[in-house]
Structure formats: C-alpha cells, structure tokens
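Beneath this line is the structure, given in structure tokens, with notes to follow.
Protein chains: 2
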Amino acid sequence: MSITASQVTNHNHLLAAVQADEFERLKPHLEFIQMPLGSVLYESGSRLQHSWFPTTAIVSLQYIMEDGASTEIAGVGNEGILGVSLLMGGAATPSRAIVQTGGCGYRIKAGSMLQEFNRTESLQRLSLLYIQALITQMSLTAACNRHHSIEQQLCRWLLLTIDRLTSNELIMTQELIASMLGVRREGITEAAGNLKNAGFINYRRGHITVLDRSGLETLSCECYKVVKKEFDGLLSTYTTTQHSHSQTYRKK
Amino acid sequence: MSITASQVTNHNHLLAAVQADEFERLKPHLEFIQMPLGSVLYESGSRLQHSWFPTTAIVSLQYIMEDGASTEIAGVGNEGILGVSLLMGGAATPSRAIVQTGGCGYRIKAGSMLQEFNRTESLQRLSLLYIQALITQMSLTAACNRHHSIEQQLCRWLLLTIDRLTSNELIMTQELIASMLGVRREGITEAAGNLKNAGFINYRRGHITVLDRSGLETLSCECYKVVKKEFDGLLSTYTTTQHSHSQTYRKK
DNA sequence: AGTTGTGTGTACGATAGCGCACAGACTGTA
DNA sequence: TACAGTCTGTGCGCTATCGTACACACAACT
Chain X
1 MSITASQVTN
11 HNHLLAAVQA
21 DEFERLKPHL
31 EFIQMPLGSV
41 LYESGSRLQH
51 SWFPTTAIVS
61 LQYIMEDGAS
71 TEIAGVGNEG
81 ILGVSLLMGG
91 AATPSRAIVQ
101 TGGCGYRIKA
111 GSMLQEFNRT
121 ESLQRLSLLY
131 IQALITQMSL
141 TAACNRHHSI
151 EQQLCRWLLL
161 TIDRLTSNEL
171 IMTQELIASM
181 LGVRREGITE
191 AAGNLKNAGF
201 INYRRGHITV
211 LDRSGLETLS
221 CECYKVVKKE
231 FDGLLSTYTT
241 TQHSHSQTYR
251 KK
Chain P
1 MSITASQVTN
11 HNHLLAAVQA
21 DEFERLKPHL
31 EFIQMPLGSV
41 LYESGSRLQH
51 SWFPTTAIVS
61 LQYIMEDGAS
71 TEIAGVGNEG
81 ILGVSLLMGG
91 AATPSRAIVQ
101 TGGCGYRIKA
111 GSMLQEFNRT
121 ESLQRLSLLY
131 IQALITQMSL
141 TAACNRHHSI
151 EQQLCRWLLL
161 TIDRLTSNEL
171 IMTQELIASM
181 LGVRREGITE
191 AAGNLKNAGF
201 INYRRGHITV
211 LDRSGLETLS
221 CECYKVVKKE
231 FDGLLSTYTT
241 TQHSHSQTYR
251 KK
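The listed protein sequences derive, respectively, from chains X and P. Each residue of the first sequence is one higher than the one before, counting from 1 in my numbering. Each residue of the second sequence is one higher than the one before, counting from 1 in my numbering.
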C-alpha cells in the first residue's frame with residue numbers, strides 16, 4: 001500500500017535517505033504503527049525485539065537510576081532511529097525509550113533490521129552517521145546537566161522539541177518535563193513561570209505553547225544551538241545522497 | 001619488529017581481539033607511540049588525523065563549554081579506541097581527548113583506519129561493540145552528573161581509573177580531577193579529605209593512592225558497577241573470539 | 001451541580017555546591 | 001639555603017536546587 005497525501009510529510013528522514021533500490025528490499029519489513037504518548041518502546045536491560053523509525057512521534061531516551069530517578073539522555077524524532085544498540089552487536093540497552101510526543105512511526109523486527117543493516121550499504125552508512133549525532137547529543141546532555149540552570153535547560157528542551165513538531169504547542173505536563181530533565185516538578189513550575197512572565201511561552205494544564213522562539217533562544221544555554229547545528233548537518237548529509245521514493249507500510 | 005617481554009601486558013584488548021589474519025593487514029599501519037600526561041589527541045571540532053588504541057595510557061573525553069567549563073563524558077583505556085567519529089562518517093568531533101594517565105598506545109592514520117574498518121570484518125564488529133559500551137558510559141555520566149554528589153562521583157572516578165591501571169597509585173592533582181568531573185577544585189579537596197579520613201585513600205601533592213577499594217565501592221554511586229559490568233562484558237565478548245597474535249609497531 | 005483526580009502555585013527551611021580569598025605546605029631549581 | 005611556583009586546606013557568604021507540605025484550579029465524569 002502506497003503512501004497517501006497526508007503521509008507525505010509523515011516520513012522519517014533517515015529512511016528517506018536510503019537508496020531507492022535498497023529501500024525496496026527494506027520496504028516489506030517496515031510496519032507503520034501508532035506510538036501513543038507514554039508508551040514504552042523498550043525498557044532498560046530488555047532485549048530489543050525491534051528497531052523504530054519515528055515519523056511524527058518523538059521518543060525520549062532516559063536512564064533510570066536504582067532509586068527511580070530519571071534523566072533524559074537524548075531525544076529521537078524523525079531524524080533518527082531507535083534501538084541502535086541492536087546494530088552495535090549488543091542486544092541489551094541501558095536506557096528506556098518512552099514516547100514523549102504521541103505520533104506514528106515505522107517498526108522493523110530486530111532480525112530483519114540486522115540483516116538489512118549488514119547488507120544494505122546506505123542504511124549502514126546512514127545509521128552510523130546518525131549514531132554519531134546521537135553521541136554528540138548525549139555528550140552535551142552530560143555537560144549541560146553539570147553546568148546549566150534549570151531555566152536554561154528548559155529552554156533548550158522546549159526548542160529541541162518544537163523543532164521536531166509542526167505546531168508550536170506541545171502536550172506535556174510540568175511533571176513530565178521534570179522527569180525528563182531529572183529535576184523537581186516545582187523547579188519546572190518556577191522556570192516556566194518566568195518564561196510565561198517574559199511572554200515567551202503560555203500554558204494551561206498539560207499544554208504548552210511557544211510564543212517567542214527567539215526569546216527562548218536568548219535564555220537557552222549554548223547547548224541548544226550545538227545540538228541543532230549537529231542535526232541540521234546530519235539532515236543535509238542525508239539529503240545530499242537522498243533518492244526520492246515512497247515509504248509504505250504493512251497493516252499491523 | 002616483534003613485541004618484547006615488557007610489552008606482553010602492554011596491549012590493547014580491542015586490537016588483541018582482531019582476527020589474526022586480519023590483524024596482519026592492520027599491523028603495518030600501527031605506530032607505537034608515547035602518550036604523555038596532559039597531551040591532547042584531538043581538540044573539539046578538529047578534523048581527525050588518526051585513531052588511537054591506548055595500551056597503558058588512559059584518555060579522557062571531555063566536552064568544553066564556551067566559557068571554558070569542562071566535563072568528562074567518558075574515559076578510554078586499553079579496552080577501547082579513540083576517534084570513533086571517524087568511523088561513523090563524521091570527520092569532526094564535539095569533544096576533546098586529553099591524556100589523563102601517561103602511557104603508551106598505538107596510532108593509525110585516519111585513511112588507513114577507515115580503509116581497514118570497511119574491509120576488516122572483525123575490526124568493524126569490535127569497534128561497534130566498543131561504541132555501544134561507550135554510549136552506555138556516556139549515558140551514565142549524564143545521569144550521574146544530575147543525581148549524585150561529588151563524593152560519590154569521585155569514588156566512581158577513582159575506581160574506574162585504578163581498574164585500568166596495574167598499580168593502585170595515580171598521578172593526578174585535585175585540580176585535574178575537578179576539571180574532569182566539572183566541579184570546583186575545593187569540592188575535590190573536601191571529598192578527598194573525607195575519603196582520607198575514612199582510610200580509603202591516601203595522597204600527597206599530585207599522587208593519590210587507593211588503600212581500600214571496597215570502601216570506595218560502598219561510597220560510590222551505582223554508576224561505577226554499571227559501567228564496570230558493561231566493560232567486563234565487553235572484554236569477555238572480545239575474548240570469546242580472540243585469536244592470539246603479536247602486536248607490533250613501526251618506529252615513529 | 002457536585003465530586004474527584006490531576007495539574008499547578010507557593011512557601012519554608014535545609015543543603016550541596018559555588019566563587020572568592022588567602023594561608024600553609026610541598027617540591028624543584030637557583 | 002633560599003626562592004618561586006604549584007598544590008592543598010580552610011573559611012566565608014551566596015545561590016540554586018531540594019524536600020516537604022499544602023492550597024488552589026481546572027477538567028472530566030456522575
């Protein structure tokens with residue numbers, strides 16, 4: 001079944017950059033699925049059954065400590081792929097992947113993915129390229145956690161999130177953001193209050209609207225633009241070798 | 001030139017696990033070098049000219065912020081490889097690699113490394129396996145920075161460092177440790193003072209001796225044993241496919 | 001319209017870590 | 001032996017963030 005008009009923008013950049021002839025081989029293995037808010041793709045320590053390519057969904061990679069405290073180590077949107085540790089030869093993974101913004105994506109069985117990764121040149125090249133960007137993001141998160149204030153980090157997080165959305169509103173409670181950033185909910189309330197007073201955002205129970213992107217950028221730490229630049233570079237590298245083709249799905 | 005007796009333990013686990021016949025091809029490209037304390041293998045944003053395989057040296061990967069503040073995002077010893085972003089297809093890297101414990105290692109030109117990575121099956125498999133472990137380490141660093149005290153982190157850091165050494169003494173100023181962990185020097189002075197009072201370590205100007213490993217483990221956060229387990233698993237995976245062979249070097 | 005659950009605002013003291021300043025101690029060199 | 005440079009110890013007030021507690025506000029369901 002071919003894509004419909006509504007799915008034209010509903011695609012994954014990495015998949016889209018796979019060479020057309022090689023994509024044909026990948027196609028039958030791809031399964032288009034819903035990724036509802038809050039669903040967990042994999043748990044820490046679990047054996048990966050699939051890899052995922054988000055289209056409209058955004059997934060948060062979190063590390064969960066023994067006492068339950070959590071920290072986001074990276075976010076994955078339609079620029080990337082989930083379950084990379086599969087490709088690296090380790091079946092288990094130390095993080096949890098949880099859907100942070102509900103949406104859709106493609107899923108592929110672990111076995112098929114590995115097989116295609118090993119024989120499909122462009123898929124392998126693109127995946128490694130993405131992993132490099134992922135590593136950059138994780139490095140920054142580590143440094144940012146150490147050196148920057150909650151407000152700065154909130155700005156960074158909001159910007160990175162809306163960059164992956166088509167709208168400027170996100171469905172998200174302060175509680176949830178707090179658990180992503182690994183801080184208290186009250187800390188987010190305070191920081192968000194400041195941003196609201198400054199006129200940069202607005203919000204109501206579980207909804208946040210970004211009113212002034214550039215305002216957020218001025219308050220954000222440098223980390224935002226570094227990650228942004230890395231991803232922009234990634235996407236342009238994707239597209240320099242991109243070959244237009246349809247993305248299709250199997251019924252679940 | 002073959003290895004001498006003193007170099008038998010002076011090897012890199014990853015290199016040692018490369019299949020014997022494939023290693024023969026790699027051999028002529030390897031250059032045995034000194035890696036003195038404080039030397040910088042590559043700077044943030046620079047183009048990589050080499051990859052490195054430490055033997056006795058330990059290298060710290062740091063992210064440097066615009067204001068000069070630094071954070072260690074991972075450490076690399078003889079279990080790993082430096083300059084992985086080369087393999088991922090991105091020539092530049094967002095971190096700085098600085099030698100944290102002086103020693104030796106092998107170096108290989110970027111071009112040769114890439115070529116061998118692409119045609120040497122076991123080198124590729126081992127590198128990806130290592131990168132997975134590196135990612136784990138970076139995730140933990142991010143989470144640890146967020147949630148754990150300086151004292152806990154110092155214990156983790158000391159343990160991970162002496163695990164890679166043959167002795168229990170490290171040559172290291174408090175200032176240097178502070179810059180690794182991304183905290184104030186005074187913070188390290190205080191934490192180290194506590195550990196000394198507890199009888200777990202001893203130190204004098206630029207030298208730290210670990211007296212009681214298990215004591216440090218009890219004070220350390222969980223992060224130490226998670227990283228340790230990951231690296232132990234990595235080494236055993238290396239050796240299950242290990243083929244004994246000499247590691248040789250070219251004169252510089 | 002009332003009830004219940006969940007999300008948000010606010011306040012308070014406690015504490016870890018920071019920035020700064022300076023004193024003392026060690027070590028290598030003159 | 002003296003000196004200079006570096007490393008370590010300590011004290012101070014300051015700030016961000018935490019932990020806890022509780023009040024209020026909104027939305028959905030009965």
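All C-beta atoms in this analysis are idealised placements derived from N, C-alpha and C, irrespective of residue type, glycine included.
6 Å CB neighbourhood of residue i in its chain, flanking five on each side removed
| i | result |
| --- | --- |
| GLN49(X) | ALA110 |
| VAL84(X) | ILE131 |
| HIS287(P) | It is not possible to answer for residue 287(P), since the shown part of chain P is limited to 1 through 252. |
| GLN137(X) | ALA74, VAL227 |
| GLU22(X) | THR120, SER122 |
| CYS223(P) | LEU140, CYS144, ARG156 |
| LEU26(P) | GLU116 |
| HIS243(P) | Here the model assigns HIS243(P) a pLDDT of 47, short of 50, so the residue's position is not dependable, and the following value carries that caveat. So the qualifying residues of the chain are GLN19, ALA20. |
| VAL40(P) | ILE98 |
| GLN12(X) | Before going on, a small fix: residue 12(X) reads as Asn here, not Gln. Result list for ASN12(X): PHE53, THR55, ASN78, in chain order. |
| ALA5(P) | Annotation note: pLDDT 37 at ALA5(P) (below 50); position unreliable, no value reported. |
| ILE162(P) | ASN168, VAL210 |
| VAL8(P) | Residue placement at VAL8(P) is poorly supported in this model, since its pLDDT is 43, which falls under 50; the coordinates are not used for a value here. |
Sheet register partners of residue i (DSSP bridge)
| i | result |
| --- | --- |
| TYR203(P) | ILE208(P) |
| GLU169(X) | THR209(X) |
| PHE253(X) | Limits of chain X in this structure are 1 at one end and 252 at the other, which puts residue 253(X) out of reach. |
| GLN255(P) | In this structure chain P extends from 1 to 252, so residue 255(P) is not present and cannot be described. |
Near the ligand COA: residue i beta-carbon under 7 Å from a heavy atom
| i | result |
| --- | --- |
| LEU48(X) | With respect to the ligand COA, the structure offers nothing, as it holds no ligand at all. |
Cβ neighbours of residue i in the same chain (closer than 7 Å, five flanking residues each side left out)
| i | result |
| --- | --- |
| LEU126(X) | LEU14, ALA17, VAL18, TYR238 |
| ASN10(X) | THR55, THR56, CYS104 |
| GLN124(X) | PHE117 |
| ASN194(P) | GLU151 |
| SER179(P) | SER70 |
| ASN187(X) | For the sequence presented, residue 187(X) should be read as Gly rather than Asn. Once the five neighbours on either side are set aside, the close Cβ partners of GLY187(X) are ILE150, ALA178. |
| ASN212(X) | Here residue 212(X) turns out to be Asp, not Asn, going by the sequence shown. If we look at ASP212(X) and ignore the five residues flanking it on each side, its Cβ neighbours are GLY199, PHE200. |
| LYS196(X) | ASN202, TYR203 |
| SER36(P) | Checking the sequence shown, residue 36(P) turns out to be Pro, not Ser. The residues are VAL99, GLY102. |
| GLU175(X) | ARG185 |
| LEU129(X) | LEU234, THR237 |
| GLN34(X) | CYS104 |
| LYS252(P) | Because LYS252(P) carries a pLDDT of 38, less than 50, the predicted location of this residue cannot be relied on, and the following value inherits that uncertainty. Excluding positions up to five away in sequence, the list reads GLU31, ILE33. |
| ARG146(X) | none |
| LEU86(X) | LEU48, SER51, ALA110, MET113, LEU114 |
8 Å Cβ shell around residue i - same chain, five flanking residues per side excluded
| i | result |
| --- | --- |
| GLU230(X) | ALA133, THR136, GLN137 |
| GLU169(X) | HIS207, ILE208, THR209, VAL210 |
| SER44(P) | TYR63, ILE64, THR93, PRO94, SER95, ARG96 |
| LEU165(X) | ILE58, THR101 |
| GLY68(X) | none |
| GLY182(P) | ALA69, SER70, THR71, GLU72, ASN145 |
TODO: Note down, one range per segment and in chain order, each beta strand (DSSP E) of at least 3 residues found wholly within the segment 64-108 of chain P.
DONE: 70-76, 96-101
TODO: Mind listing, in chain order, the continuous alpha helix (DSSP H) runs of no fewer than 4 residues lying wholly within the segment 19-49 of chain X?
DONE: 20-26
- [ ] Count the CB pairs spanning the segment 97-113 of chain X and the segment 213-231 of chain X that are closer than 8 Å, and state whether there are at least three.
- [x] no
Task: Against chain X: residues of the segment 131-152 of chain P by CB proximity under 7 Å - done: ILE131, GLN132, ILE135, THR136, MET138, SER139, LEU140, THR141, ALA142, ALA143, ASN145, ARG146, HIS147
TODO: Select from the segment 63-76 of chain P all residues with a C-beta closer than 9 Å to any C-beta belonging to chain X, and list them in chain order.
DONE: TYR63, ILE64, MET65, GLU66, ASP67, ALA69, SER70, THR71, GLU72, ILE73, ALA74
Task: Against chain X: residues of the segment 76-91 of chain P by CB proximity under 9 Å - done: VAL84, SER85, LEU87, MET88, GLY89, GLY90
Task: Under 7 Å (Cβ pairs) to chain P, residues found in the segment 174-185 of chain X - done: GLY182
TODO: For the segment 220-244 of chain X, enumerate the residues whose C-beta is nearer than 9 Å to any C-beta of chain P, in chain order.
DONE: CYS221, GLU222, CYS223, VAL226, GLU230, GLY233, LEU234, THR237
Open item on the list: For the segment 195-209 of chain P, list every residue whose C-beta sits within 8 Å of some C-beta in chain X, in sequence order.
Closed with: none
- [ ] Please name the residues in the segment 115-130 of chain X whose beta-carbon is closer than 7 Å to at least one beta-carbon of chain P, in chain order.
- [x] ARG125, LEU128, LEU129
TODO: Compile a chain-ordered list of the residues in the segment 88-112 of chain P whose CB is closer than 7 Å to at least one CB of chain X.
DONE: MET88, GLY89, GLY90, PRO94, SER95
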